[in-house]
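Novice:
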Amino acid sequence: MMNVHRAKPLFLMGVLALGGCATPIVTWQRAPEGKDPGESMPAALATLERGRTAYRGAVEEQMRTEAVLGNGLVVAGAAVAALAVGKAHRDAIFGTSLVAGTGYALGNKNLPRSRVLVLLAGIDALDCAERAVLPLAISDREWTALVKAIQEVQDRKETLVAAMDTLRKKMAAVPASASTYTAALEAATKAKESAELAAGTASQFTDLAGRAARELVAAVNRIDTAVIKGHVESTGTLAGTPGIVSGLAGMAGAFAPGSNVEGLITDSLKAAGGIGAKSATGAVDQELADLEAATKATATATATLSRLMRGRATSWAEDAFKDCGVAQVSSALSTTATSLNFLANAESLRTFDIAGGVKPYFVQWDGPVVEGLELRAPIRFDSRVEIRATGSKLKQAAETALRISDSSPTVRVASVAVSVAAAGGSGGGGGPLTPAATQAASDSIDDALRALKEKTKFTVDGKTFDITAIPIKVDAKTLKVTLRCPADASNVDRAALAKGLLKDIGIPSEPAARGWDLAFEASATTCLKPA
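Everything in the sequence shown is counted per the working numbering, starting at 39 for the first residue and increasing by one.
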């Protein structure tokens, strides 16, 4: 029978390994077997929809897997605690912890959030492409009806032209009836012009729709290539670092509305309704009756075609898809601090965070290793970096730097300068830092800045606040201090906080007297009253 302590790690490994099962590349079928995805606009739109469905499914799959992985980690933590309370063998506790750590690493490695950003950017791009071709979108049924209507108008127009020619010959033989024939010919001419315009506009649309279908499929392929490249790079970008997908931007404005032939058609129908005048002899000539019928039939066919064309585009911009790419979701490697300053003989702590790139991050000294400065690089998949100065060891001024790199296929690198100033400007040496050395020499803003740079924490009303970044002189009247609030602090008055901190460095004067003040910013959850 299997030992229960061995079974637990195996069970947890099965749960947590789900984090490594996510397929990094999304694949999908462009069109049914033997079909051309760009053969028509309906086929092209169906291709787009298949891609969008695949991306959405991948996002949902990753969210579910992350949830399972997160639950598994909670279970793993509970299991470790239970094993410890139950005084299990240390091998069981160690094994369970190792499995949990492995699952955490697998999840972070195979389920980077940048993958979701890539997919969401791809979905946005496809949505934009769909909006762009909306004026040219048409169903198979509508397409068939439109092609049939175009042919009907062309046939009716040919019949009309033949009837007009026949009537002109009649006019030459019977000059007395010329005025009656002229009115009929004018109405027929209007119907012919309307038919030509409607047929030309509709034919232009069918040509545009066919070209747009090909362009749409090409755009979808470009988007999918961008998404794949973004996954390969493990970031949200196409150009190496920034995120991905710059997208098929709003193109609807690139299309003009459908041609307004309705007015011409209405005029033609009205004119056609007025035909029916008799010849000078009072009899309805056969030629005139034929022309009247041809005019009405042409106008009716033109009206049908016009209805099918209503709201459809009749123009196409050559650069219609110029903005349909993949927008950058910036994720270049960066740090929240570009330099860190320390003072010799002073105890202090400086921290900063790394963002962008691909975790895990690697941090190492890129210059002299300074005795008294202890570097704590981020644990795997964390982003916080700490450097602690030990005053008893940090004796003299020094200059060095940190090199930060990521795990992307093309390694990204950032740098943070680190400097140590001599205590009291003496260039180093001396004993432990005395309280007087942390006091500002005067109440000037520059002396206050020098004193504040030595502070890592301060206490006001019994609550201790950590200073998490080097104070900055914003202008001649403002010093910016970034702090971390204690857990039990809330709705802290900024003026009282400034007064307490400045008093701590020997500046008791009021803001009006000294001409400047402190501005606070919380690095995480804020506990400050609104400014």
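Beta carbons are placed, not taken as given, at the ideal position from N, Cα and C, and that holds for glycine.
(1) Are the stretch 398-411 and the stretch 442-453 touching by the rule of at least three beta carbon pairs closer than 8 Å?
(2) Based on the DSSP output, what are the partners of ASP504 in its beta bridges?
(3) Between the alpha carbons of GLN24 and THR91, how many angstroms are there, rounded?
(4) With a CB to CB cut of under 6 Å and the five nearest residues on each side skipped, what residues in its chain are close to ASP481?
(5) Would you be able to state if there are at least three C-beta pairs under 8 Å between the stretch 191-205 and the stretch 161-170?
(6) Pick helix, strand or coil for LYS228, following the three-state DSSP scheme.
(7) Out of curiosity, what's the CA-to-CA distance linking ARG249 and ALA341?
(8) Could you tell me the boundaries of the alpha helix (DSSP H) in which THR336 lies?
(9) In angstroms, rounded to a whole number, what distance separates the CA positions of LYS491 and VAL449?
(10) What residues in its chain sit with their C-beta under 6 Å from that of ARG88, if we drop five residues either side in the sequence?
(11) How many whole angstroms separate the CB atoms of LYS495 and ILE508, which I take to be in contact at a CB cut-off of 8 Å?
(12) Assuming LEU235 and ALA175 form a contact by the criterion Cβ under 8 Å, report the distance between their Cβ atoms to the nearest whole angstrom.
(13) Assuming GLU437 is part of the beta strand (DSSP E), what are its boundary residues?
(14) Report, in whole angstroms, the separation of the C-beta atoms of THR373 and ILE442, which I expect to be a contact under 8 Å.
(15) With 16 as the cutoff for other CB atoms within 10 Å, does ARG345 come out buried or exposed?
(16) Between which two residues does the beta strand (DSSP E) carrying THR389 extend?
(17) Taking a contact to mean a Cβ-Cβ separation below 8 Å, would you say LYS195 touches THR336 in this structure?
(18) Check GLN67 in the structure and name its three-state DSSP category.
(19) Where are the alpha helix (DSSP H) runs, 4 residues long or more, that stay fully inside the stretch 151-177, in chain order?
(20) For the alpha helix (DSSP H) containing ALA536, name the first residue and the last one.
(21) Determine which residues share a DSSP beta bridge with ILE510 and list them.
(22) Return the Cβ separation of ILE483 and LEU517 in integer angstroms, given the expectation that the two are a contact with Cβ distance under 8 Å.
(23) Within 10 Å of its beta-carbon, does PRO173 have 16 or more other beta-carbons around it, so buried, or fewer, so exposed?
(24) Cβ atoms of GLU385 and THR597: under 8 Å apart, would you say?
(25) Return the bridge partner residues of THR373 from the DSSP annotation.
(26) Rounded to a whole number of angstroms, what is the C-alpha to C-alpha distance between VAL367 and VAL519?
(27) Name the DSSP beta bridge partners of ARG422, please?
Specialist: Quick answer:
(1) Three or more Cβ pairs closer than 8 Å define a contact, and the stretch 398-411 meets that threshold against the stretch 442-453.
(2) LYS495 and ARG522
(3) Absent from the structure is residue 24, since the part of the chain shown begins at 39 and ends at 569.
(4) ILE545, SER547 and ARG552
(5) No: fewer than three Cβ pairs fall under 8 Å.
(6) helix
(7) 26 Å
(8) 324-347
(9) A straight-line Cα-Cα distance of about 33 Å links LYS491 and VAL449.
(10) TRP66, listed in sequence order.
(11) Rounded, the Cβ-Cβ distance is 14 Å, inconsistent with contact.
(12) The pair is not a contact, with the Cβ atoms about 23 Å apart (cut-off 8 Å).
(13) Start and end: 436-443.
(14) 6 Å
(15) exposed
(16) 386-393
(17) yes
(18) coil
(19) 151-170
(20) 532-542
(21) LYS518
(22) 6 Å
(23) buried
(24) There is simply no residue 597 to check, as the chain begins at 39 and stops at 569 in what is shown.
(25) Looking at the DSSP assignment, THR373 forms a beta bridge with ILE392.
(26) For VAL367, the predicted model reports a pLDDT of 43, less than 50, meaning its position is unreliable and no value from the coordinates is stated.
(27) Under DSSP, ARG422 shares a beta bridge with ASP391.
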